[in-house]
Amino acid sequence: MAAQWFRVYDTLRKAIVVGELAPGSQLPTEFEVSATHHVSRNTVRRAYLALSQDGLIRSVNGRGSFVMQTGITYEIDATSRFRDVLDGQGVKSSVRAVEYRDMATDIAMAACLAVAIGSPLLKVTTLILGDDTPFILTTRHVRADLIDDLERKLLECDSLTLVARSEGLGQLRRVSRTVGARLPTQREADLLECPSHAPVLVVSTTSRIDNGMLLECQDAVMNGRLVRLSFRSD
Numbered sequence: 001m002a003a004q005w006f007r008v009y010d011t012l013r014k015a016i017v018v019g020e021l022a023p024g025s026q027l028p029t030e031f032e033v034s035a036t037h038h039v040s041r042n043t044v045r046r047a048y049l050a051l052s053q054d055g056l057i058r059s060v061n062g063r064g065s066f067v068m069q070t071g072i073t074y075e076i077d078a079t080s081r082f083r084d085v086l087d088g089q090g091v092k093s094s095v096r097a098v099e100y101r102d103m104a105t106d107i108a109m110a111a112c113l114a115v116a117i118g119s120p121l122l123k124v125t126t127l128i129l130g131d132d133t134p135f136i137l138t139t140r141h142v143r144a145d146l147i148d149d150l151e152r153k154l155l156e157c158d159s160l161t162l163v164a165r166s167e168g169l170g171q172l173r174r175v176s177r178t179v180g181a182r183l184p185t186q187r188e189a190d191l192l193e194c195p196s197h198a199p200v201l202v203v204s205t206t207s208r209i210d211n212g213m214l215l216e217c218q219d220a221v222m223n224g225r226l227v228r229l230s231f232r233s234d
């Protein structure tokens, strides 16, 4: 016979997969599940932990456990934007600023952007949301010497692609990308509202403008439950 915790886990997992428990909905409390299944609360807690590790639910201290949203496929090429993907699938996209910070280029960033050490950069950390659900946490290091008043312009339109175009720099195009997976930091899990035990996707890219100069290096941390990656040839 299957262990008691696994029977509880399997029942809830199936309810999530078939949609009986809808994305974003709150699961019953540990007390309610223990009474329904005639098991201890520790048994329920273990089942909930397994669901969290599978990326099916997210448990929030003091609030309860919630079903994670379903995934969206992001087809990446040289110019694709995730917000366009969301909007194209009827999901209202938005951007939430987390941090804007002026900094000088260190050795690693100088090599990434092919500029001199100490050159001015703007570090931009934002959340991309769809219907108010966090999908991607992005950290961008952007050359601040190529665009005057860069922070204000980014805050006004939430898009480096549009800023570069309006400044006469042309189309922003990705020229390199590296994809990996790892567990999120606690800060990343909190901002993305995802389980700390479920892997996130990390896509690192560099992008250039029409004259061939590199404009930004970006690390995008994606909720692996919400985002599936697909790559197109340029």
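Everything in the sequence shown is counted per UniProt numbering, starting at 1 for the first residue and increasing by one.
Glycine residues also receive a C-beta, built at the ideal position from the N, C-alpha and C atoms.
Note that the coordinates shown come from a computational prediction; the quantities given were computed from them, not determined experimentally.
With C-beta atoms as the reference, is V179 less than 8 Å away from I128? Within the sequence shown, numbered from 1, the residue matching residue 179 stands at position 179. Within the sequence shown, numbered from 1, the residue matching residue 128 stands at position 128. Against a cut-off of 8 Å, the Cβ pair of I128 and V179 comes out as no contact.
Nearest CA to the CA of D190: which residue from V221, G170, A116, R208? In the sequence shown, the residue the question calls residue 190 occupies position 190. Nearest C-alpha to D190: V221.
Just mark E216 as buried or exposed, buried being the case when its beta carbon has 16 or more other beta carbons within 10 Å. Start at 1 with the first residue of the sequence shown, and residue 216 comes out as number 216. Per the 10 Å Cβ criterion, buried.
Under a three-way DSSP split, which group does V179 fall into? Translated into the one-based positions of the sequence shown, residue 179 becomes position 179. Strand at V179.
Considering only their Cβ atoms, is the gap separating S52 from P195 smaller than 8 Å? Working through the sequence shown from its first residue, we reach residue 195 at position 195. Working through the sequence shown from its first residue, we reach residue 52 at position 52. Their beta carbons are under 8 Å apart, which means P195 touches S52 by this criterion.
What's the C-alpha gap between Q171 and R46? The residue labelled residue 171 in the question sits at position 171 within the sequence shown. The residue labelled residue 46 in the question sits at position 46 within the sequence shown. Distance between the alpha carbons of Q171 and R46 is about 50 Å.
List the residues that DSSP assigns as beta-bridge partners of V74. The count along the sequence shown starts at 1 and reaches residue 74 at position 74. One point to set straight first is that residue 74 is Tyr, not Val, in the sequence displayed. DSSP lists L229 as partners of Y74.
Rounded to whole angstroms, what's the CA-CA distance from R63 to K123? Just pull it up for me. On the sequence shown, position 63 is the one that residue 63 refers to. On the sequence shown, position 123 is the one that residue 123 refers to. Cα to Cα, R63 sits roughly 33 Å from K123.
Once DSSP output is grouped into helix, strand and coil, what is the label at C217? By 1-based counting over the sequence shown, the position of residue 217 is 217. In the structure shown, C217 sits in a strand (DSSP, three-state: E or B).
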